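See below for the structure under consideration.
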Amino acid sequence: MTEFFDFVDLRERFVSATDFSAFWEYFLDTYADKSAFMKMGGPAETAQVEVLVAFIAGKIHGRIVEPESMRLAKIPQAGIVHGACMIDGCITCILYFESIEKGLIVSSKTDGKTAFARFAWKFDRTNAMSPVDTSGGSSGLPN
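Residue numbers (the working numbering): -18 to 124.
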């Protein structure tokens, strides 16, 4: 039996989310925890995403950080890029919606807490980076 994933609903839940922890739990339970979802798509380019994650995770951790072991998958039919990397031995995940040029970074921290950062980012196909905004709601970023 083929599983159905409603990516429009996922995007709408993301756009309207005010509680990123609840949204992330929904994403993990409904999508990421399913083998059919994890098999969709293929490898995605990581260079720009590594810079983005390093910038936002640096804000979260309060210092310069370097993502390690970045793994990304792109699901073209859904317009989604998702994946994870390690920072200081802690997992950092990303979920990006190409159609709205927005996403979420979820970063565990060495103190056991989890930080969430919603961001807007325009991926320039020429490999130039164009950060748009890293604010929006309760991001978990320090002031």
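Don't be surprised by glycine CBs; every beta carbon is placed ideally from N, CA and C. Keep in mind the model is a prediction, meaning the values are calculated, not measured.
| query | result |
| --- | --- |
| First and last residue of the uninterrupted alpha helix (DSSP H) at Ser2 | Phe1 to Phe8 |
| Local conformation of Ser80 per DSSP, three classes | coil |
| Beta bridge counterpart(s) of His63 as assigned by DSSP | Ala54 and Leu76 |
| Three-state secondary structure (DSSP) of Phe(-12) | helix |
| Backbone CA spacing between Ser50 and Asp(-10) [nearest angstrom] | 30 Å |
| Counted within 10 angstroms of its Cβ, other Cβ atoms place Arg99 as buried (16 or more) or exposed | buried |
| Bridge partners - Val87, DSSP secondary structure assignment | Cys74 and Phe97 |
| Minimum C-alpha distance to Met67 - residue among Glu79, Ala35 and Gly60 | Ala35 |
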